[in-house]
RNA sequence: GCGCCCGUAGCUCAACCGGAUAGAGCAUCGGCCUUCUAAGCCGAGGGUUGAAGGUUCGAGUCCUUCCGGGCGUGCCA
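Numbering (this note's numbering), first residue to last: 161 to 727.
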């Protein structure tokens, strides 16, 4: 159950009963002495209604039906309403009968466009955030019962492929150099820059390819296949759920591009400017307040990525039936997507009910605060980054567990290393840049994946030690100790946090919650002995342990982070 | 030039349509292992939220100006 939504609904109803139609604005209490939740909406509502805030608060408190879940409802300060929940109510929410997560009653069909790598090159650190954040959002929305359609909008078309094909032709299409796409690209680029004949061949190759020349197309498909195989390797290592069937390449829209142009023309949105086909919208002004065009067709007749993205938008709404579209792409392209969405709406590709969201994120920065790069200053390959995560984690795990056998040590290090890497990214507010710091993310202290994974293993260990089968535990806990109540409150909030994170497309909300939960469990663990307690207390605490275990697992699952039995 | 994002403790980050005394972790200092994993727990110090105005019962949050940083800005993606 979404506890906050329930309280919001009830207090808002009380406001209405008091003659004011306003949201209760229920939020978690700012301080423990304010209870568990507080309603902040009274002051504003009283102001608008010309009433005294305290008087309205009193009316609301007496009208509110909260007896079943609140032990105390009090007015504080200028007109806050503080709600103290009943421990037995919290306990009932954690009964073995209660599901961890309830599916939404109003499922969306959500298209999530993420990862979207350029197949001309090997995946590098720049692809990490889109891939990880997008996948977490997909898992999150699915966990809440929404229908998710993953779309990997890979770049497989465009001028650079001419260069690569010309180079591939030269090297022989089975060239073992394809094993390292990054080197292959760099070598081709070097050739392109240094040899004018080669550059001409590359350019004509693009024309041939786009004209449908069979040889060029075969070569192109060969290259694409190798590149996709590289991506799949990375996805598999990352534990990302993208598969071949989610790939919807730019080239798939080729046939739609002229249709989009024609439809824009029919809608009267198109105007020619300096030979290019443009859409001018009032919302976009450029220099000197002049209208800023969205160019959808170049003067030479070629199409641009705005055209492809419009075709993609059209496809996602018309063919895939999406009512919410999340495009997980870096913040630099903010203007581009504002334009695509605005033109798309103007063209009728998306109506007002269809949510179009550019899920922006900032850059990964190195410890120096500058753009993340290798020691040599180049772009770091994603595979190298993953290697380093595992390698660093292996050192730490071996150090902490000298007795662990090599195979388990390796597995623990893999789970911890990758978890740390993903969590470091997901736990930050995605909209700003963040400083990438190995020591911080692997420090095993603070808001990190290892801390959460450790909390989980502690529970597993406790259950093992007690010979407890968690599946057999029944009933609901009895909350008496403060640490038990604090833990229970956290546990009871899973649903509201998931829903909030999904609505905002912010995995970091879930991370913050999981950290607070793990922290509450650690305190509970220190203060409340479980296995040695009397039978009734022990059973109650075991239920809390199990619920915590399940909640941590569920939360980490949604983030795409694995758990282990011991570490 | 114009537009968007950002500026919070020494460092890395929080702060849910504007809500009460701005919170965590790291680092620093001090406690806690004969008891379920000390990769842990408990406590202390640390702030003019870049600056100055404004709006209001109330501003880190909204508005204006300025400073500093990042990213964009008609035919790359």
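The beta carbon of each residue, even a glycine, is placed where N, CA and C say it ideally should be.
- Of the residues assessed, residue 232 falls on the exposed side of the cut-off, its CB having fewer than 16 other CB atoms within 10 angstroms.
- Cβ neighbours of residue 185 within its own chain (closer than 7 Å, five residues either side excluded): 199, 200 and 201.
- Per DSSP, residue 717 is one residue of the alpha helix (DSSP H) stretching across 695-719.
- Taking C-beta separations shorter than 8 Å and ignoring five residues to either side along the sequence, the partners of residue 261 in its chain run 303, 304, 654, 655, 658 and 714, following chain order.
- Across the set 519, 229 and 280, the C-alpha of 229 shows the shortest separation from the C-alpha of residue 243.
- Boundaries of the alpha helix (DSSP H) harbouring residue 416: 414-426, taken from the DSSP string.
- It is roughly 39 Å from the alpha-carbon of residue 278 to the alpha-carbon of residue 615.
- Under the DSSP assignment, residue 477 falls in the alpha helix (DSSP H) whose first and last residues are 465-478.
- Taking a C-beta distance under 8 Å as the contact criterion, residue 691 and residue 581 do not qualify as a contact pair.
- Excluding sequence positions up to five before and after residue 307, its CB lies within less than 8 Å of the CB of 267, 268, 269 and 270, all in the same chain and listed in chain order.
- In this chain, the alpha helix (DSSP H) harbouring residue 560 covers 542-560.
- Counting along the chain, the unbroken alpha helix (DSSP H) around residue 321 starts and ends at 319-331.
- Runs of alpha helix (DSSP H) with 4 or more residues, each lying fully within the stretch 241-278, are found at 247-253, listed in chain order.
- Beta-carbon to beta-carbon, residue 649 and residue 661 are separated by about 18 Å, too far to satisfy the 8 Å threshold.
- Judged by DSSP secondary structure, residue 675 falls within the alpha helix (DSSP H) whose first and last residues are 667-687.
- For residue 545, the closest of 532, 556, 557 and 480 by C-alpha to C-alpha distance is 532.
- In the DSSP assignment, residue 309 falls within the beta strand (DSSP E) that extends over 307-311.
- The continuous beta strand (DSSP E) containing residue 484 extends over residues 484-488.
- DSSP, reduced to helix, strand and coil, places residue 515 within a strand of the structure shown.
- When only Cα atoms are considered, residue 558 and residue 606 end up about 21 Å apart.
- Rounded to the nearest angstrom, the Cβ distance from residue 466 to residue 455 is 7 Å, consistent with a contact under 8 Å.
- Counting every other CB atom within 10 Å of its CB across the protein chains shown gives residue 636 a total of 16 or more, marking it as buried.
- Note that the C-beta distance between residue 171 and residue 224 is below 8 Å.
- When C-beta atoms of the stretch 341-360 are compared with those of the stretch 400-409, fewer than three pairs fall below 8 Å, so the two segments do not count as touching.
- Listed in chain order, the non-local C-beta contacts of residue 485 below 6 Å within the same chain comprise 271, 476 and 516, local neighbours out to five positions each way being set aside.
- For residue 231, there is no enclosing alpha helix (DSSP H); the enclosing beta strand (DSSP E) covers residues 230-236.
- Residue pairing by DSSP places residue 438 opposite 431 and 455 in a beta bridge.
- The Cβ atoms of residue 719 and residue 642 lie no closer than 8 Å to each other.
- Straight-line measurement puts the Cα of residue 508 at about 10 Å from the Cα of residue 424.
- Going by beta carbons, residue 189 and residue 196 fall inside the 8 Å limit.
- Assignment of beta-bridge partners to residue 609 by DSSP yields no partner.
- Between the stretch 682-698 and the stretch 331-339 there are fewer than three inter-stretch CB-CB distances shorter than 8 Å, so the stretches are not counted as touching.
- Within 10 angstroms of the beta-carbon of residue 589 lie fewer than 16 other beta-carbons, which makes it exposed.
- Annotated as distal: residue 259 and residue 639, with beta-carbon spacing of 8 Å or more.
- When the alpha-carbon of residue 311 is set against those of 344, 472 and 547, the nearest one is in 472.
- Between the C-alpha atoms of residue 519 and residue 295 there is a straight-line separation of about 12 Å.
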